[in-house]
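Heads up: the structure comes next, in structure tokens.
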Amino acid sequence: MEASFGVYYEKDSVIHKLDPRAKLLFMIVFLVSIFVAKDIFSYLLLILITISSILLSRVPFTLVLKGLKPIFVIVIFTTILNLFWTKGETVLVSLNVIPNFWTLTIYKESLIRAGVLALRIIVLMACTSLYFSYTTTPIELTDGIETGLAPLKKIKVPVHEFAMMMTIALRFIPTLIDETTKIMNAQKARGADFSNGGLVKRAKALIPIIIPLFVSAFRRADELATAMECRCYRGGNGRTRMKVLKMKARDYIFLLITILMIAGVVLLNIYAKGYKI
Amino acid sequence: MSIVELKEINFIYGKKSPYEIKALDNVNLTIEENCITGIIGHTGSGKSTLVQLLNGLIKADSGVVYIDGKDIWEKPKEISRIRFDVGMVMQYPEYQLFADSVKEDIAFGPKNMGLSDEEIEKRILQSIEFCGLEKDILDKSPFDLSGGQKRRVALAGVMAMNPKILVLDEPAAGLDPKGRREILGGIKEYQRKSSNSVVIVSHSMEDMAMYCDRAIVMSHARVVTHGTCEEVFSQHQLLLDVGLDVPEITGIILELRKKGINIPDNIYTVDGAVTAIKSLYLNGSVGGGV
Numbered sequence: 009m010e011a012s013f014g015v016y017y018e019k020d021s022v023i024h025k026l027d028p029r030a031k032l033l034f035m036i037v038f039l040v041s042i043f044v045a046k047d048i049f050s051y052l053l054l055i056l057i058t059i060s061s062i063l064l065s066r067v068p069f070t071l072v073l074k075g076l077k078p079i080f081v082i083v084i085f086t087t088i089l090n091l092f093w094t095k096g097e098t099v100l101v102s103l104n105v106i107p108n109f110w111t112l113t114i115y116k117e118s119l120i121r122a123g124v125l126a127l128r129i130i131v132l133m134a135c136t137s138l139y140f141s142y143t144t145t146p147i148e149l150t151d152g153i154e155t156g157l158a159p160l161k162k163i164k165v166p167v168h169e170f171a172m173m174m175t176i177a178l179r180f181i182p183t184l185i186d187e188t189t190k191i192m193n194a195q196k197a198r199g200a201d202f203s204n205g206g207l208v209k210r211a212k213a214l215i216p217i218i219i220p221l222f223v224s225a226f227r228r229a230d231e232l233a234t235a236m237e238c239r240c241y242r243g244g245n246g247r248t249r250m251k252v253l254k255m256k257a258r259d260y261i262f263l264l265i266t267i268l269m270i271a272g273v274v275l276l277n278i279y280a281k282g283y284k285i
Numbered sequence: 051m052s053i054v055e056l057k058e059i060n061f062i063y064g065k066k067s068p069y070e071i072k073a074l075d076n077v078n079l080t081i082e083e084n085c086i087t088g089i090i091g092h093t094g095s096g097k098s099t100l101v102q103l104l105n106g107l108i109k110a111d112s113g114v115v116y117i118d119g120k121d122i123w124e125k126p127k128e129i130s131r132i133r134f135d136v137g138m139v140m141q142y143p144e145y146q147l148f149a150d151s152v153k154e155d156i157a158f159g160p161k162n163m164g165l166s167d168e169e170i171e172k173r174i175l176q177s178i179e180f181c182g183l184e185k186d187i188l189d190k191s192p193f194d195l196s197g198g199q200k201r202r203v204a205l206a207g208v209m210a211m212n213p214k215i216l217v218l219d220e221p222a223a224g225l226d227p228k229g230r231r232e233i234l235g236g237i238k239e240y241q242r243k244s245s246n247s248v249v250i251v252s253h254s255m256e257d258m259a260m261y262c263d264r265a266i267v268m269s270h271a272r273v274v275t276h277g278t279c280e281e282v283f284s285q286h287q288l289l290l291d292v293g294l295d296v297p298e299i300t301g302i303i304l305e306l307r308k309k310g311i312n313i314p315d316n317i318y319t320v321d322g323a324v325t326a327i328k329s330l331y332l333n334g335s336v337g338g339g340v
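Respectively, the protein sequence lines represent chains F and U.
If you're matching positions, the first sequence starts at 9 in the numbering used here and goes up one per residue.
If you're matching positions, the second sequence starts at 51 in the numbering used here and goes up one per residue.
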């Protein structure tokens, strides 16, 4: 099993060193910007930011593209849907597929809309995976969420517990994928067949995988709980950190860029009306 | 006669990614019929990858695997057939148990083969005997057993398929010396009685010397040497060069030789050492006789 989306890529770059809270804030603003953007210049600005982020992070382009593989189906699906099933004014292509019954028409507007939508999804996914998985370890990310949401503790939201649960869940995803592969191989070696037969048969064939997987997940949870207790874990109260998150100059510069980005998109929205797409 | 033949096998993990690792590098190998073959090597030397090729769990990037003279990937759709001929016990097999009772779990493999109920019953009884389990365990839940017992049940589940070749990846890992002896002894007994071929992967030189007839040494994705245990273990320097140890007893013998005691250097089991040292005394070349 391969999971290229969501794997940390170790490099010593500016983007890697950024404070996870700054990255979180940036991603929220970036998300808003993508949906606010309406003209060609704002899109160019967002693409420019994505590409320069990838260059700065020194993560290879091929790896980012590979991480996009799982969403290609969604991109193609929405593109086709937009291309053929939305109406516009200027007709680009008109094909009489079945005479007198169904004519395939592609409008200029739907072509643009489909393109913009595909672009939105790609840019969004590329940026999210770059900032959140390739350049930030899951630990940093949950640390960022925990400290970022710390004010919520005042209204009794168990922020630390949620963050810890998230850390543990993230930590065990690769382990469980590994485990699943191993168990599948072991059962395949005993002649189990997962790919043939009807629905009921296939569902039944999963039992020899699911039961050992659950058993081992519970075993691991138990062992982890014991290990944590042995190291005197007792929740978030009074817990100090080895790595205390601290905003540095580069983080403030990064936040400044973030603000400039949304300001730019909003201004272009107002003043570049002629280039609306 | 060789039962397995590997020709120019290459295998790479994470091909074309930054994490590319070459696990097998142009491996050529034959495994003999009707004996126990040990595959020895350090962690990461490619031994587990090698055995997974044998029953088609993974496919080599290049090269051919012949079992009984036939290319196993000749008809890729029928690859699961080969798994009835090549039984595989993975590392820590106790984690694959799933059924309500030990009996059902052992019957899983034979059932997949489409055997009759009587035949399955017969094979279950046979295989638990090899694994040193009692009959009354059959109705228990596999999850109520001790770690060592679970391991044996998992082993019995594969033995019950009566494969032409039984492959075991570190069958004794994590067991105490008594558990090791029982499991490995049971495997040896199974081999002698069934005349099937057995392949054991291990990094314990002592176990290899005790239970295997032939040995294959792997290091850095390559086969360094192979042959009978005598042939392999007599190449002390080579074994040390690839970072493996000679069996402890061989180490002692070699030290004795350095001290000028005239003892043969091809001893790699404790029993062999006892005989050799006794004969030294009888010949009167050491001490004043017995």
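Built from N, CA and C at the ideal position, the CB exists for glycine as well.
A quick note: this is a predicted structure, and the numbers were derived from the prediction, not measured.
Beta strand (DSSP E) runs contained entirely in the region 59–138 of chain U, provided each spans 3 or more residues: 71–82, 86–91 and 112–117
Per-residue burial, Q199/U [other beta carbons within 10 Å of its own, 16 or more giving buried]: buried
Length at least 4, wholly inside the region 240–313 of chain U: the alpha helix (DSSP H) runs in chain order: 255–261, 279–283, 286–291 and 298–308
I129/F to V273/F span [Cα, whole Å]: 17 Å
When L216/U, K127/U, G197/U and S177/U are compared against S247/U, the one with the closest alpha-carbon: L216/U
Short CB-CB distance (under 8 Å) between R133/U and chain F: yes
Of the residues E83/U, Q141/U, Y142/U and V77/U, the one placed nearest D111/U, counting alpha carbons only: V77/U
Through-space distance from Q195/F to G246/F, alpha-carbon basis: 47 Å
Contact belief for I81/U with S52/U at Cβ below 8 Å, rounded distance in angstroms: 6 Å
Sequence-distant residues of its chain with Cβ nearer than 6 Å to A280/F (five each side left out): D47 and F49
Secondary structure of S329/U, DSSP reduced to three states: Three-state DSSP puts S329/U in a helix.
Length of the line joining the Cα atoms of S7/F and Y260/F: Since the displayed chain F opens at 9 and closes at 285, residue 7/F lies outside it and no answer follows.
C-alpha distance - E70/U paired with G64/U, whole-angstrom precision: 5 Å
Chain-ordered neighbours of I215/F on chain U, where CB pairs are closer than 7 Å: F148
Test: D186/F CB closer than 8 Å to a CB of chain U: no
Cβ-based neighbour list, V40/F, same chain, cut-off 8 Å, excluding 5 preceding and 5 following: I270
Of the listed residues E184/U, I86/U, G91/U and L100/U, nearest to K238/U (C-alpha basis): I86/U
Buried or exposed (CB count within 10 angstroms, at least 16 for buried), K164/F: exposed
L89/F versus A126/F, A200/F and I55/F, residue with shortest Cα-Cα distance: A126/F
Limits of the alpha helix (DSSP H) - the one that N277/F falls within: For N277/F, the enclosing alpha helix (DSSP H) stretches over residues A257 to Y279.
At least three beta-carbon pairs within less than 8 Å, the region 180–195 of chain U to the region 151–166 of chain U: yes
Burial state of S95/U (16 or more Cβ within 10 Å): buried
Buried/exposed call for T248/F, threshold 16 Cβ in 10 Å: Residue environment analysis places T248/F among the exposed positions, since fewer than 16 neighbouring C-beta atoms fall within 10 angstroms of its C-beta.
Alpha-carbon to alpha-carbon, A157/U and A200/F: Using only the alpha carbons, I get a separation of about 12 Å.
Contact with chain F by S177/U, beta-carbon distance below 8 Å: no
Proximity test, Cβ basis, 8 Å: L290/U and chain F: no
Neighbourhood of S224/F by C-beta, 7 Å cutoff - its chain only, sequence neighbours within 5 removed: E187
Exposure of I285/F, with buried meaning 16 or more beta-carbon neighbours within 10 Å: exposed
Terminal residues of the beta strand (DSSP E) in which Y51/F lies: Y51/F -> not in any beta strand (DSSP E); alpha helix (DSSP H) instead, spanning I48 to S65.
Of the listed residues S118/F, L112/F, P68/F and I79/F, nearest to L91/F (C-alpha basis): S118/F
Reference V101/F, options N108/F, T113/F, V83/F and T58/F, closest by Cα: Comparing C-alpha distances from V101/F to each of N108/F, T113/F, V83/F and T58/F shows the shortest one belongs to T113/F.
I266/U beta carbon less than 8 Å from that of H276/U: Going by C-beta atoms, H276/U is nearer than 8 Å to I266/U.
Contact with chain F by D111/U, beta-carbon distance below 8 Å: no
Residue environment, D291/U, which counts as buried when at least 16 other CB atoms sit within 10 Å: exposed
Test: P143/U CB closer than 8 Å to a CB of chain F: yes
Counted within 10 angstroms of its Cβ, other Cβ atoms place A229/F as buried (16 or more) or exposed: Counting the other CB atoms within 10 Å of its CB gives A229/F a total below 16, which places it among the exposed residues.
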